[in-house]
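Everything below concerns the one structure shown next.
Number of protein chains: 2
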Amino acid sequence: MTNLILPAGYRYASVYAGIRKKKQDDLALIASENVASAAAVFTRNKVQAAPVVLSRKHLELSGGRASAILVNAGNANCATRTGDKTAATAAKAAAKLLRVPVRQVLPSSTGVIGVELDASLITNALPKLVAGLSADRFSDVARAIMTTDLVPKTSSAEVSLEGGPVRIAGMTKGSGMIQPNMATTLGYLMTDAGISPVDCKRLLATANELSYNRISVDGDTSTNDTLVLLANNASGVPLEDRDFDLFQEALTKVAQDLATQIARDGEGASRLVTINVSGAASDEDAVKIARTIANSPLVKTAIAGADPNWGRVISAAGYSGAEFDPRKVDIVMQGLLVCKGGLAADFAEAELTKRLKQKEVQIDFRLRGKGTGRSRFWTCDFTEGYIRINGSYRT
Amino acid sequence: MTNLILPAGYRYASVYAGIRKKKQDDLALIASENVASAAAVFTRNKVQAAPVVLSRKHLELSGGRASAILVNAGNANCATRTGDKTAATAAKAAAKLLRVPVRQVLPSSTGVIGVELDASLITNALPKLVAGLSADRFSDVARAIMTTDLVPKTSSAEVSLEGGPVRIAGMTKGSGMIQPNMATTLGYLMTDAGISPVDCKRLLATANELSYNRISVDGDTSTNDTLVLLANNASGVPLEDRDFDLFQEALTKVAQDLATQIARDGEGASRLVTINVSGAASDEDAVKIARTIANSPLVKTAIAGADPNWGRVISAAGYSGAEFDPRKVDIVMQGLLVCKGGLAADFAEAELTKRLKQKEVQIDFRLRGKGTGRSRFWTCDFTEGYIRINGSYRT
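In order, the protein sequence lines correspond to chains A and B.
Sequence positions in the first sequence follow our numbering and run 21 to 415.
Sequence positions in the second sequence follow our numbering and run 21 to 415.
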């Protein structure tokens with residue numbers, strides 16, 4: 021995190037509020053000096069945590085403007101009697117201390133579901149939290165939002181727009197309950213560019229689709245997943261139409277960097293797996309194939325065992341729902357052709373086993389035909405560590 | 021298996037043909053003395069093994085009649101250069117020795133994908149296999165078709181029809197790559213009732229839907245899944261219209277008994293988990309909810325850890341795609357109400373943890389509303405043993 025480029029006009033803070041048992045900061049705040057344009061994508065789970073419901077409402081009421089993000093770890097504030105009240109009380113108390121309208125505060129929570137979250141733990145800790153706000157405490161927040169994460173996850177970029185340079189910095193948390201098609205876990209992207217709320221929405225939707233929606237750890241999806249983009253114009257550089265693609269590219273890269281860090285840190289994971297699909301009838305079909313391979317426990321355990329079991333890869337593609345001719349499938353693992361035209365290729369098995377033990381594994385699923393559909397997904401291997409972590413998370 | 025009631029007119033045999041490394045019978049034959057009516061359901065995977073393709077073709081050519089089932093374990097005969105030829109050669113050789121048309125032989129294979137299966141291993145072993153056919157070797161076949169299964173799986177029933185008693189006996193194999201909506205793994209149901217091919221198809225479709233399509237071990241689906249029903253009329257008792265429901269019920273029970281044995285023997289599993297959903301808007305929605313809960317690695321690892329984490333259950337239901345109001349959900353685990361109206365109920369956690377350590381776990385997901393949709397699913401817990409088995413299956 022030493023090389024992070026931070027956008028101007030944001031301050032960060034974290035404290036230990038006593039929400040999680042382990043004495044490690046569990047309440048964090050990101051505050052913008054100006055009112056920022058804001059957009060967010062949320063979980064599509066039918067069961068939505070109170071802070072998700074309230075953040076969505078606040079963004080509607082404010083017309084896509086926000087001044088602060090208030091996050092706690094250790095309790096998801098979901099499926100509880102007092103959930104809505106706790107989220108509202110916490111947001112209100114933070115707004116008062118920050119002297120902003122409550123609709124400009126976006127609350128987030130992560131942790132266990134179904135356990136009451138005592139609002140006073142948050143309100144009691146808030147004065148110290150706000151007093152601790154500082155431009156250089158970005159990494160403290162990245163650490164405070166961690167749950168089963170082994171490492172904090174951050175990324176940043178500088179982009180030269182027509183009007184001058186702007187900066188993007190992001191942080192994220194999550195290592196389980198991650199599944200494509202979701203905003204997934206918690207992620208916060210901040211920029212000092214001047215962007216309208218409408219453009220924030222467009223930019224975030226595209227970045228999310230190509231990053232968080234393309235990773236999978238265990239196929240489960242959370243009740244709390246949230247990804248937020250804030251743009252506070254502290255640089256004084258507005259995003260012009262001609263800058264749009266350049267900025268989109270930079271934002272997507274930061275989001276992809278964060279998302280792949282999640283896959284790499286998947287619960288119990290020892291390897292980052294990148295899945296490239298090409299030659300599908302459509303991009304949608306390519307996404308179906310890549311997602312099904314990425315979610316297959318049999319593929320993921322084979323990678324954990326450095327087993328070049330391409331039969332499981334083609335079998336997973338076969339039940340993805342995508343249309344393709346199995347006789348036109350080539351599969352390349354770590355640069356070696358293992359399946360040609362749907363049949364076993366003649367490959368050096370010992371060499372491949374060796375390459376599969378590397379920290380990063382790449383599987384290319386190529387359809388030979390007229391299709392131009394492609395997609396890229398990221399996942400991790402599935403080890404005994406995943407079971408150990410998840411068999412005893414709550415108790 | 022001591023209490024099995026076997027239908028008349030079938031003989032069974034198994035030998036070691038050298039297909040699997042371990043010296044354990046790997047080639048088996050089920051032969052009917054009369055030409056039997058036959059129906060089958062096969063995998064819906066796009067990638068289909070050669071014996072699946074050939075069996076489907078044989079059933080079409082014969083108009084739903086079969087005399088024998090030839091099964092090998094140790095090699096799936098899938099995604100190989102010589103697959104079609106090997107399956108055809110094996111079926112032809114068996115037909116010749118049994119003196120039946122080749123279209124009356126249904127081949128099946130299970131084992132590793134993408135490795136050539138030498139047809140001569142089968143043709144060389146066939147004379148001994150056919151010579152060994154005997155009415156009392158049912159359990160030898162049940163054992164020969166095992167791969168990672170820890171125990172052979174059989175079930176039987178006797179039904180009193182209007183015309184007299186008939187018998188149903190079934191055997192199955194499978195402990196991984198099991199997913200609803202598939203014929204799943206290998207299963208063979210034999211009866212000595214007199215049933216038309218058309219009725220066989222109807223009976224099998226219903227039995228399959230309520231048994232094999234309602235179990236899940238890891239969400240993966242195989243390239244070889246096959247479930248066959250043979251009805252050889254050796255009892256001389258025809259299935260009349262008024263017998264239909266009674267026979268259907270008995271056949272479904274045998275299929276459910278076999279399917280739950282698969283879930284119970286799931287790779288690395290320590291517990292059988294039954295999931296009951298009720299009060300859904302439709303049976304389809306109930307199936308969606310039950311399937312998603314059954315497939316959730318987070319639910320399955322929680323059960324492995326005897327962790328009463330009902331939050332994972334409601335969260336899985338939430339991303340199932342079914343419509344429901346989270347505030348109308350009650351969840352009962354092992355007889356204890358853990359979630360009431362979508363919120364934590366006041367339950368004796370220590371008592372529940374104790375009950376969750378029992379060999380069988382039941383989760384009831386009840387929607388309080390106007391819906392009458394219901395479904396029952398079976399799955400197993402997800403332990404470190406699953407990873408151990410699947411990380412080194414091929415190598």
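Note that the Cβ used here is the ideal one computed from N, Cα and C, for glycine as well.
For clarity, every value in this text was computed on a predicted model and none was experimentally measured.
**Request:** Would you mind working out which of 71/A, 62/A and 358/A sits nearest residue 102/A, comparing C-alpha positions?
**Result:** The shortest C-alpha separation from residue 102/A is found at 71/A.
**Spatial distance of residue 203/A from residue 244/A (CA atoms)** = Model confidence at residue 203/A stands at a pLDDT of 29, short of 50, so the residue's coordinates are unreliable and nothing is read from them.
**Request:** From the DSSP output, read off the bridge partner residues of residue 191/B.
**Result:** Bridge partners of residue 191/B: 174/B and 208/B.
**Message:** Just verifying my parser: in three-state terms, what is the DSSP assignment at residue 380/A?
**Reply:** Three-state DSSP puts residue 380/A in a strand.
**Residue burial classification, residue 218/A (beta-carbon count within 10 angstroms, cutoff 16)** = The residue in question, residue 218/A, is exposed, as its Cβ has fewer than 16 Cβ neighbours within 10 Å.
**Prompt:** Span of the beta strand (DSSP E) holding residue 359/A?
**Reply:** 356 to 360 is the span of the beta strand (DSSP E), which, as asked, contains residue 359/A.
**Request:** For residue 65/A, decide whether its Cβ has a neighbour in chain B, counting only Cβ atoms nearer than 8 angstroms.
**Result:** By this cut-off, residue 65/A is an interface position.
**Request:** Check each residue of the segment 324 to 338 of chain B: if its Cβ is closer than 9 angstroms to any Cβ of chain A, include it; give the result in chain order.
**Result:** Under the 9 angstroms Cβ criterion, the segment 324 to 338 of chain B contributes 324, 325, 326, 327, 328, 329, 330, 331, 332, 334, 335, 336, 337 and 338.
**Cβ of residue 357/B within 8 angstroms of any chain A Cβ** = Residue 357/B does not count as touching chain A.
**Prompt:** Three-state secondary structure (DSSP) at residue 274/A?
**Reply:** Residue 274/A carries a helical assignment under DSSP once its states are collapsed to helix, strand and coil.
**Asked** Are the beta-carbon atoms belonging to residue 52/B and residue 278/B less than 8 angstroms from one another?
**Response** No, the pair does not count as a contact, with Cβ atoms beyond the cut-off.
**Asked** Going along chain A in order, which residues have a C-beta closer than 7 angstroms to the C-beta of residue 346/B?
**Response** 66 and 67, listed in chain order.
**Interface residues of the segment 100 to 122 of chain A facing chain B [CB-CB below 8 angstroms]** = Taken in chain order, the members of the segment 100 to 122 of chain A whose beta-carbon sits within less than 8 angstroms of a beta-carbon on chain B are 100 and 101.
**Prompt:** Excluding sequence positions up to five away, which residues of its chain have a Cβ less than 6 angstroms from the Cβ of residue 209/A?
**Reply:** For residue 209/A, same chain residues with a beta-carbon under 6 angstroms away, outside a window of 5 residues either side, are 190 and 249 in chain order.
**Asked** In chain A, which residues lie with their C-beta within 7 angstroms of the C-beta of residue 363/B?
**Response** Simply 99, 100 and 101.
**Asked** What residues of chain B sit near residue 133/A, judged by a beta carbon separation below 7 angstroms?
**Response** Identification of chain B residues near residue 133/A by a Cβ-Cβ cut-off of 7 angstroms yields 331 and 335, ordered along the chain.
**Asked** So is residue 185/B buried or exposed if we call it buried at 16+ other beta carbons inside 10 Å?
**Response** With fewer than 16 other Cβ atoms within 10 Å, it is exposed.
**Message:** Just to make sure I have the definition right: I need the residues of chain B whose C-beta is within less than 7 angstroms of the C-beta of residue 243/A. Which are they?
**Reply:** Taking a Cβ-Cβ threshold of 7 angstroms, the residues of chain B close to residue 243/A are 335 and 338, in chain order.
**Prompt:** Within the 8 angstroms Cβ cut-off, does residue 330/B reach chain C?
**Reply:** The chain labelled as chain C is not found among the protein chains of the depicted structure, namely A and B.
**Message:** If contacts are defined as beta-carbon pairs under 8 angstroms, then residue 159/A and residue 31/A qualify, I think. What distance do you get, rounded to the angstrom?
**Reply:** Contact doesn't hold; Cβ gap of about 13 angstroms is too wide.
**Message:** Can you tell me whether residue 386/A is buried or exposed? The criterion is at least 16 other CB atoms within 10 Å of its CB, across all chains shown.
**Reply:** Looking at its Cβ environment, which holds 16 or more other Cβ atoms inside 10 Å, residue 386/A is buried.
**Sequence-distant residues of its chain with Cβ nearer than 7 angstroms to residue 182/B (five each side left out)** = Here the set comprises 260, 262 and 263.
**Message:** On the DSSP bridge list, what partners appear for residue 350/A?
**Reply:** DSSP lists 386/A as the bridge partner or partners of residue 350/A.
**Message:** Along the chain, where does the beta strand (DSSP E) containing residue 331/B start, and where does it finish?
**Reply:** Where residue 331/B is concerned, there is no enclosing beta strand (DSSP E), although the alpha helix (DSSP H) it sits in stretches over 330 to 338.
**Buried versus exposed call for residue 180/A [16 or more other C-beta atoms within 10 Å across all chains shown]** = By the 10 Å Cβ count, residue 180/A comes out exposed.
**Prompt:** Quick one: what's residue 232/A bridged to in DSSP?
**Reply:** None, per the DSSP bridge assignment.
**Asked** Helix, strand or coil: which one does DSSP assign to residue 132/A?
**Response** The DSSP-derived three-state label of residue 132/A is strand.
**CB-CB length for residue 50/B against residue 88/B, believed under 8 angstroms** = Correct: roughly 6 angstroms between the Cβ atoms.
**Request:** Evaluate residue 25/A with the Cβ neighbour count: other Cβ atoms within 10 Å of its Cβ, from every protein chain shown; 16 or more gives buried, anything less gives exposed.
**Result:** Of the other Cβ atoms in all chains shown, fewer than 16 fall within 10 Å of the Cβ of residue 25/A; this residue is therefore exposed.
**Unbroken beta strand (DSSP E) run spanning residue 392/A, endpoints** = Run containing residue 392/A: none; DSSP gives neither H nor E here.
**Prompt:** So what does DSSP say about residue 400/A, is it helix, strand or coil?
**Reply:** It is a strand residue.
**Asked** Which term fits residue 389/A, buried or exposed, when burial requires 16 or more other beta carbons within 10 angstroms of its beta carbon?
**Response** Residue 389/A should be labelled exposed.
**Prompt:** In whole angstroms, what separates the C-alpha of residue 215/B from that of residue 306/B?
**Reply:** Rounded to the nearest whole angstrom, the CA to CA distance from residue 215/B to residue 306/B is 32 angstroms.
**Asked** Quick one: what's got a C-beta closer than 7 angstroms to residue 297/A's C-beta in the same chain, skipping five residues either side?
**Response** Excluding residues within five positions, the ones whose Cβ falls inside 7 angstroms are 306, 309, 310, 385, 394 and 395.
**Prompt:** What separation, rounded to the nearest whole angstrom, lies between the Cα atoms of residue 34/B and residue 48/B?
**Reply:** So the alpha carbons of these two residues sit roughly 4 angstroms apart.
**Asked** Going straight from the alpha carbon of residue 235/B to that of residue 132/A, what length do you get?
**Response** Taking the straight line from one Cα to the other gives about 28 angstroms.
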